[in-house]
Amino acid sequence: MHEKVSRDEYYLSQPKGAHWYPYEDHGGTILAIAGEDFSLVGSDTRLSEGFSIHSRDHPHTYRLSEKTVMGSVGFHGDVLTLKKLLDSRLKIYEHEHNKAMTTSAIAAMLSTMMYGRRFFPFYTNTILAGMDENGKGCVYSFDPIGSYERELFRAGGSASSMLQPLLDNQIGFKNQGDVPHTPLTLEKALALIKDVFISAAERDIYTGDGVCINIITADGVRQERFPLRRD
Numbered sequence: 003m004h005e006k007v008s009r010d011e012y013y014l015s016q017p018k019g020a021h022w023y024p025y026e027d028h029g030g031t032i033l034a035i036a037g038e039d040f041s042l043v044g045s046d047t048r049l050s051e052g053f054s055i056h057s058r059d060h061p062h063t064y065r066l067s068e069k070t071v072m073g074s075v076g077f078h079g080d081v082l083t084l085k086k087l088l089d090s091r092l093k094i095y096e097h098e099h100n101k102a103m104t105t106s107a108i109a110a111m112l113s114t115m116m117y118g119r120r121f122f123p124f125y126t127n128t129i130l131a132g133m134d135e136n137g138k139g140c141v142y143s144f145d146p147i148g149s150y151e152r153e154l155f156r157a158g159g160s161a162s163s164m165l166q167p168l169l170d171n172q173i174g175f176k177n178q179g180d181v182p183h184t185p186l187t188l189e190k191a192l193a194l195i196k197d198v199f200i201s202a203a204e205r206d207i208y209t210g211d212g213v214c215i216n217i218i219t220a221d222g223v224r225q226e227r228f229p230l231r232r233d
């Protein structure tokens, strides 16, 4: 006669597997635009996880120097670690060379740092914006293992699939007919960032609460903020 075993006892007696995943996506959207004599990098201010909002006032942009700002979203722990490592290397460079690192040099250094972690990469979507050596705006986009390229505009994060086509159309003039390719002004770029973030907040639950825009010119970096929907 077999002894009768309850369902709970049966399941408790079976081998068990434990799953561990080192990353978490904390949402957020970033966007950068390069102009003739300016760069803009903006982000929303929502930090969330699943259906929980951790903070409604946490911009995803980080100033690295007087001419360079980084936008980074993804796993917030990796974003903070990446920012800390960048800050320490920038200070070492400044002490050794008595000058600040240029935006293009920071982009190259960041690529090397991320590639060095390619077997256990930073779970981040990162964009670098600033002024180049010739006084023109520049934007660099990165994948998690350090591949990067210079671009005129780039969106990243949870709403990037909605923002990038709008930028392609409005700034890149893609899928348009005989439209004159007028130079992008700072005022137009600011208005466009506000419009695309308002649209993203209507569709993406991980984007909202507010927008923080960093305006980078030859005079330095200044910020503008405006609210988004909070639900």
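The sequence shown begins at 3 in my numbering and counts up by one.
We put the beta carbon where it would ideally sit given N, CA and C, even for glycine.
Return the chain-ordered list of same chain residues with a C-beta closer than 8 Å to the C-beta of residue i, the five sequence neighbours on each side being excluded.
i, result
"K176", "D170"
"I218", "F40, S41, L42, V43, K69, T70, V71, A131, G132, M133, G139"
"P123", "M116, P146, I147"
"G158", "T31, I32, L33, G73, V75, N127, T128, I129, S143"
"T114", "G148"
"S160", "D27, G29, G30, T31, V75, D206, Y208, T209"
Going by DSSP, name the residue or residues bridged to residue i.
i, result
"I195", "Partner(s): none; I195 has no beta bridge."
"K34", "This sequence places Ala at residue 34; Lys is not what is there. Its beta-bridge partners are V43, R156."
"Y150", "F144"
"F53", "Note: F53 sits in no beta bridge, so no partner."
Are there 16 or more other CB atoms within 10 angstroms of the CB of residue i, so buried, or fewer, so exposed?
i, result
"L82", "exposed"
"H62", "buried"
"H60", "buried"
"A220", "exposed"
"I94", "exposed"
"Y64", "buried"
Within a Cβ cutoff of 7 Å, which residues of the same chain sit near residue i, ignoring the five residues on either side of it in sequence?
i, result
"A109", "L130, Y142, Y150"
"S50", "H28, G29, H56, Y208"
"A156", "The sequence given here has Arg at residue 156, not Ala. Answer for R156: A34, I129, V141, S143, listed in chain order."
"D66", "It should be noted that the sequence gives Leu, not Asp, for residue 66. The answer, listed in chain order, is M72, L88, L92, I108."
"P229", "G212"
In angstroms with no decimal places, state the Cα-to-Cα distance between residue i and residue j.
i, j, result
"N216", "E96", "23 Å"
"I32", "N100", "32 Å"
"P19", "D10", "A small fix is needed here, since residue 19 is Gly in this sequence, not Pro. Looking at the two C-alpha atoms, the distance is approximately 17 Å."
"S162", "T47", "15 Å"
"F121", "R91", "22 Å"
"Q172", "M111", "31 Å"
"S15", "G79", "37 Å"
"M103", "N136", "14 Å"
"E26", "D180", "45 Å"
"Q168", "A202", "Checking the sequence, you will find Leu at residue 168 rather than Gln. Each residue's alpha carbon lies about 11 Å from the other."
"D206", "K196", "15 Å"
Spatial neighbours of residue i within its chain, please: C-beta separation below 6 Å, excluding the five flanking residues on both sides.
i, result
"T128", "S74, F144"
"H183", "F175"
"A36", "G139, C140, V141, L154"
"Q166", "A157"
Ignoring anything shorter than 4 residues or poking outside the stretch 55–143, list the alpha helix (DSSP H) runs there in chain order.
List check, alpha helix (DSSP H) in window: 78–99, 105–118.
At what residue ranges does the stretch 159–222 contain a whole run of the beta strand (DSSP E), taking only runs of 3 or more?
212–219
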